[in-house]
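Notes to accompany the following structure.
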Amino acid sequence: MKSKFIYFIALLITVCVAHAQDIERLEFIADSLNLSDEETEDLISFKLYSDSLENTFTYIYDRSMLNGDVAKIMVPEGYKFLDSEQAQRVLSDIWGNPRDESVMGLLLKEDESPVETTYAIEISYSEDGYIEDDDAQDMDYDDLLSEMQDDVKEANPQRTSMGYPTVDLIGWATKPYYDSENKKLYWAKELLFEEEETSTLNYNIRVLGRKGYMNLNVIGDMDTLEDVENNLDPILGSVSFNTGYKYSEFDPDYDDVAAYGIGGLIAGKILAKAGFFALILKFWKFIAIGGVALFAGAKKFFFGSKEQTAIEVRKDDSDIS
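This note's numbering puts the first residue of the sequence shown at 2, with every later residue one more than the last.
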């Protein structure tokens, strides 16, 4: 109820201060798409709401520290960054996720906003200990995938009992790759949620450090995969640990070792530490209730089947702001 109230107030304010030129341009686009009067009003309302919301954020375009002085991000070209407080606002207040104090920030495309975005990259930190990477060289990722698919199926009854949609792990969208020199791991899964016609992308990047790892989780649909892969190198290079927290600085006399290796990190179970519920919660938090649900829901709510065409036209019209 609180989110709806905030939405109403934001919309009311922006309607009052909207420029007539913007309204006329949106009406022209709506007319070219043969939208009804009701759909035209929805188009204008959505655009005004999006612009109003965007103006409440302060983006970072160069660099920012993560988790105090543990790590830093050099924002890649073409992206913008929201710090931890603002990221929490997007993930919790706007997208409906529960608060997670491990979240350090959120990367968005530079020309997009939290309600008009192709994908977002959530950045968080997990201090689970030093992750030994001995198993990476001999890992059979096809066997690991089969194990993960079984785990997902076993988790579905509990997801249903908790009121969340079931999910199928279709397969690797990008097979796991571990860069042993730079201690960076990435992989992507294709997921299909109950009653959804299209698959969801779950792209994962892990940067290993002395006491844990940085999480970079891409939230988006499967059709964003090509864009993510085209920008993979700058995204991978954007996050690094500071001196004192680097993987190479591990001290076995003082530092804890994680209860899992590379395989456990990819599988996401961490059974030895967190138990069966961890797998269920991970899928729920980052995908089912997060960005994908928002994107799909907002499109259907405001515009139905014609909305995507309208969005594409607006992106091509650089005069609309």
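Don't be surprised by glycine CBs; every beta carbon is placed ideally from N, CA and C.
Buried or exposed: residue i, going by 16 or more other Cβ atoms within 10 Å of its Cβ?
i, result
"S125", "buried"
"V258", "exposed"
"D320", "Because D320 sits at a pLDDT of 37, beneath the cut-off of 50, its placement in the model cannot be relied upon, and the following sentence gives the value as read from the coordinates. Answer is exposed; the Cβ neighbour count stays below 16."
"Y178", "exposed"
"Y255", "exposed"
"D129", "buried"
"D180", "exposed"
"Q89", "buried"
"E117", "buried"
"P99", "exposed"
"P158", "exposed"
"S37", "exposed"
"P253", "exposed"
"G164", "exposed"
"N56", "exposed"
Under the DSSP definition of a beta bridge, which residues are partnered with residue i?
i, result
"F242", "A72"
"I220", "A121 and N203"
"T175", "A189"
"G106", "D84 and I124"
"V258", "Y131"
"Y214", "S127 and L209"
"R64", "M75"
"L170", "L192"
"S114", "E117"
"K247", "G210"
"D180", "K185"
Assuming the contact rule is C-beta atoms closer than 8 Å, residue i and residue j should be a hit. Round their C-beta distance to whole Å, please.
i, j, result
"T225", "T119", "5 Å"
"W173", "A189", "7 Å"
"I61", "N218", "No, I61 and N218 are not in contact; Cβ-Cβ is about 19 Å, not under 8 Å."
"Y80", "E111", "6 Å"
"K212", "Y131", "7 Å"
"G264", "L145", "6 Å"
"L186", "L266", "7 Å"
"G262", "E148", "So it is not a contact: roughly 14 Å between Cβ atoms."
"D84", "V76", "The Cβ separation is near 11 Å, so there is no contact."
"N216", "S162", "About 27 Å; that fails the 8 Å criterion."
"I236", "I206", "7 Å"
"G106", "L67", "7 Å"
"T1", "E195", "No statement about residue 1 is possible, as the shown extent of the chain runs from 2 to 322 and does not include it."
"F82", "S65", "6 Å"
"P115", "L109", "7 Å"
Indicate whether at least one CB of chain D lies closer than 7 Å to the CB of residue i.
i, result
"F82", "No chain D appears in the structure shown, which is made up of a single protein chain."
Any 3 or more C-beta pairs closer than 8 Å across the stretch 218-237 and the stretch 140-154
Look at the beta carbons and you see the stretch 218-237 not touching the stretch 140-154: under three pairs across the two are nearer than 8 Å.
For the stretch 68-80 against the stretch 235-249, are there 3 or more C-beta pairs whose distance is under 8 Å?
yes
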